[in-house]
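Engineer: Quick one: this structure, given as structure tokens, is what I'll be asking you about.
What follows is the structure, given as structure tokens:
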């Protein structure tokens, strides 16, 4: 997830926004994997 800071920087957002978005996506992926079994 090293690209989260770059993702935010490209959108003129604080790097922490990128990390927050990355965490949100990781949680979505983990839930989908859990639901899939």
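Residue numbers (this note's numbering): 106 to 142. Ideal placement from N, C-alpha and C gives every residue a C-beta, glycine not left out.
In terms of residues, what are the limits of the alpha helix (DSSP H) holding residue 120?
Structural biologist: 120–141
Engineer: Output needed for residue 113: all residues of its chain with C-beta closer than 7 angstroms, excluding positions within five of it in sequence on either side, in chain order.
Structural biologist: Answer for residue 113: 119, 120, 122, 123, listed in chain order.
Engineer: Going straight from the alpha carbon of residue 107 to that of residue 116, what length do you get?
Structural biologist: 16 angstroms
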